[in-house]
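Trainee: In this note's numbering, the protein residues as written are 7 to 272.
Here a beta-carbon is modelled for each residue, glycine too, at the ideal position from N, C-alpha and C.
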């Protein structure tokens, strides 16, 4: 069986600027991957490309063994769910109506989307009952994030692409969301690709890491992306090279996951 997602010699450009080059990477079913890198390294651009919203300059992406650009839009939406970092602009739709849009890829034209029985579980996980009748534009940033994550789960896609999913969530909701993602990866073989800035969060959540370099500007590097396990990629040498700062790393005393903080002395 082919990987769920396979990327070969991918190159992404914005105008004359190269954002990502020589990226080779595969995501298996049930894996969680974090995309990390400095500001401007192309993390969101990469995620949009994986979602089919942008075309690469060269290289290819396969989803479930088939080239991504061969998928009709509706079929691709059944396989890939994308949650952008920025919530949609003010919407007068109710939360319930926003959630129903997650089922549009499965809905015939002119029909009303049907919500599956699994919604009750999602509503409990994300505590949505009290929000359903409110309009989306009255929600706080954290409430909007919970609604958008739940909508993505309702899309029932094998691959979920999440851009800064913990943005505007308080600490308790960040931890709850990590537990939900891990549970769905483990029990439902969902795969997740998550853009993050917090190295400790990435180590807590991810099975693997794609670390993108900054390829233009005053602090540009000529490195290819580094791809591998958290322990392989998030080393002091790699972080010094990619971020140009010194980082202290220690394992958590209980579960062994890596903890990171900036070394103020260097």
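If you drop the 5 nearest sequence neighbours on each side, which residues of the same chain put their C-beta closer than 6 Å to that of residue 213?
Mentor: 37 and 38
Trainee: Quick check: what's the CA-CA separation for residue 72 versus residue 259?
Mentor: 43 Å
Trainee: At what residues does the beta strand (DSSP E) containing residue 26 begin and finish?
Mentor: 23–33
Trainee: Restricting to runs no shorter than 3 residues, where is the beta strand (DSSP E) found entirely within the segment 22–101?
Mentor: 23–33, 38–42, 64–69 and 86–89
Trainee: Exposed or buried, residue 108, counting other C-beta atoms within 10 Å across all chains shown (16 or more means buried)?
Mentor: buried
Trainee: Am I right that residue 253 and residue 40 are in contact with their C-beta atoms under 8 Å? What's the rounded C-beta distance?
Mentor: Their Cβ separation, rounded to whole angstroms, is 16 Å, which puts residue 253 and residue 40 out of contact at 8 Å.
Trainee: For my contact list, residue 134 and residue 153 are in at a C-beta cut-off of 8 Å; report their separation, rounded to the angstrom.
Mentor: 7 Å
Trainee: Can you tell me the Cα-Cα spacing of residue 95 and residue 143, whole angstroms?
Mentor: 8 Å
Trainee: Under the three-state reduction of DSSP, which class applies to residue 188: helix, strand or coil?
Mentor: Secondary structure of residue 188 (DSSP, three-state): helix.
Trainee: Write down the C-beta distance between residue 86 and residue 163 rounded to the nearest angstrom, noting that I regard them as a contact closer than 8 Å.
Mentor: 5 Å
Trainee: With 16 other CB atoms within 10 Å as the buried threshold, where does residue 239 fall?
Mentor: buried
Trainee: Which whole-angstrom value describes the C-beta separation of residue 161 and residue 111, a residue pair presumed to lie in contact below a C-beta threshold of 8 Å?
Mentor: 6 Å
Trainee: Which first and last residues belong to the alpha helix (DSSP H) in which residue 279 is found?
Mentor: Beyond the ends of the chain as shown, which are 7 and 272, falls residue 279; an answer cannot be given.
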